[in-house]
Amino acid sequence: MSKERNVDLAKWSGPKRPYDLVKEFVIAFVVVGLLVGAMAAIFSSPDEPAVTLQQWAKQAPADFVATTTGELAGTTISASYGPPYNKAGEGLALGPLKIQKWAGVTIPINPAVDFVVDPLKFSKDATIPAALAQWNGASADQQTKWASDYAAAIEKAGGDYTKVAASDAYGPVPAMGVGLLALAQSDVLDGLLTTTVTPYPSDFTKPMLFLADGGYFDELGAAQHLHGDQWGMMNETGSYPGQSWLWLFSLWYQVEPFKSSENADIQIFALLMLLTLGFIFMPKLPFINRLPRLIPIHRLIWRRYYRENNL
Amino acid sequence: MSTMWTTKLRKATVEKFEPQDILPDDQPSYVASWIYVFGVLTLASLMIIIISGLVITSKGAIWWHSSSVGHFFNSVHLWSVELFFVFMVVHLWGKFWMASWRGRRFATWATGALAFLASVATGFTGYLIQFDFDSQWIATQAKDGLNSAGIGSFFNVLNTGQAMLLHVALLPLVVGIIAVWHVILVRRRGVVPPLDAQEIAGGAK
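Going down the list, the sequences are from chains A and B. For the first sequence, the working numbering begins at 683 and goes up steadily by one. For the second sequence, the working numbering begins at 140 and goes up steadily by one.
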């Protein structure tokens, strides 16, 4: 098929049949409209309410405080992420290609400051100003030691901060954790994290990164069969088909070597880019472009034509 | 030959078409299979997506959470998208097995592939702006892949305002332009003849 044939190139001058394109479109539009209307009426669409920081703080306070401590210790996903949020990590790499690092920090976020310290300035808890003063007056190493020690103590107590005995070894971290918890439970934190630029929120980067750092949000996703090893974001909540067209993307996360690779995201992204190029340029790909001739499904499609012309 | 840009543009565009090519009332006899219906079904679904999207747009992003009518239109939008992709995938597979890129129709294939990819991006941004748990989950999951490729530095999936403008203002325009371009190419080149068609009378010499 490398050489174009005359019959393929030239305007068709053989037998024709009447074909009413406009009528075909109108009928298709009506049929699809009725079908979609029926599906909408019968199956509706999912609308699982969004999760708020208040909901997290009320329903999983221990997880909230542990995550807050992690933000202060610099151990959460966000705190160690790297570009585009911060320089705490280099991000993923495709061999020698550190694309994530090269793209740079364009959405600067310091989780300890943005998620914890700055919002606490709005706390009405009388102990918070002193706690913040102690935190801000300490060296970075001291801050990390306080938070890390407190995080270890919480873990030792089974994840429950209320079972950790009070100690000066944790500095102001316990007070900051409880202070932020109260701020979140009172529904103030959600607004604080989305209105730093304008009182009209449209950017949910901060609350979503904070929420995703905790275990509560992750458990909600798992319960809705949305984890990466459950075909991830291709799914939707409930029993809806979701973005089934992303199956080729989600597939690779289920198989080795990607499944256990630390750089799976960029490796799969690169693979998808290659496959995408292959898709666009499929007519130019050797062997692939001969498959339609080798596997004669076209005989079925044009069976009437072949029958009428004894081919 | 005229050096006027207007003349050159007219010769390169409208003069390439006969009225019969743009809105033909007949087709080659081989255009007789259900597979041909899936192209027009895709376009019909796209029209319903646009109409239902415009209704939601006119009432605002969170209307459908508090109104049963709004929820119905959200459902119409969802299911028309689902059918749109089903029809488009069947259409694409059909065109593959027909080797429809023959006869300098590579651009027709490529614009079809690009329309599919642009539709995936448009659908994805739609899922980001539902203002519910699905949006939250999809955004937090998708950010890692996009960030790893450097795209997250420019397109922040957690910025719902950005995703909304892309979904409502930019990407439908991209899909629309590619779809129109694709249809024009189909009309320009005509429907590809069957494999082995040269063995019978009818192929113009």
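We put the CB at the ideal spot given by N, CA and C, even for glycine.
Residue-level contact by beta carbon fails for W202/B and chain A, as no gap is shorter than 7 Å.
As DSSP reads the structure, K698/A sits in a beta bridge with P167/B. The three-state secondary structure of L334/B, taken from DSSP, is coil. Residue-level contact check: T299/B touches chain A, since one or more beta carbons of chain A fall below 7 Å from its beta carbon.
DSSP places A829/A inside the alpha helix (DSSP H), whose first and last residues are A822 to K838. With respect to the 7 Å criterion, W913/A and P854/A are not classified as neighbours on the basis of their beta carbons. Annotation: P978/A is outside any alpha helix (DSSP H) and is labelled neither H nor E by DSSP. Residue ranges of uninterrupted alpha helix (DSSP H) with 4 or more members, entirely inside the segment 232-303 of chain B and ordered along the chain, are 245-267 and 272-287. For M858/A, the nearest beta carbon of chain B is not closer than 7 Å to its own beta carbon. In this structure, L253/B and I317/B form a Cβ contact; the two beta carbons are roughly 5 Å apart against a cut-off of 8 Å. Here the segment 196-205 of chain B makes no contact with the segment 149-167 of chain B; the two share fewer than three CB pairs at distances below 8 Å. For H210/B, the residues of chain A that pass the 8 Å Cβ criterion are S726, S727 and D729, in the order they occur in the chain. Under the 10 Å beta carbon count, W173/B is surrounded by fewer than 16 other beta carbons and is classified as exposed. Membership of P743/A in the alpha helix (DSSP H) is indicated by the continuous run P743 to A755. For the alpha helix (DSSP H) assignment, the uninterrupted runs of no fewer than 4 residues enclosed by the segment 840-889 of chain A are, from N- to C-terminal side, 855-867 and 871-874.
Taking the Cα positions, P333/B is about 26 Å away from F223/B.
Closest in alpha carbon position to L703/A, among F177/B, T145/B and T146/B, is F177/B. With respect to chain B, the C-beta atom of H907/A has no partner C-beta closer than 7 Å. Within chain A, the C-beta atoms nearer than 7 Å to that of Q275/B come from A732, V733 and M890, in chain order.
Residue contact with chain B for Q824/A: absent (no Cβ-Cβ distance below 7 Å to any residue of chain B). Contiguous alpha helix (DSSP H) elements confined to the segment 144-191 of chain B occur at 144-151 and 158-161, taking only those with 4 or more residues. Boundaries of the alpha helix (DSSP H) around K783/A: I781 to A785. Positions of the alpha helix (DSSP H) runs, each at least 4 residues long and wholly inside the segment 905-963 of chain A, are given as 929-935 and 946-962 in order along the chain.
Close to chain B, meaning a Cβ-Cβ distance shorter than 7 Å, is no residue of the segment 931-943 of chain A at all.
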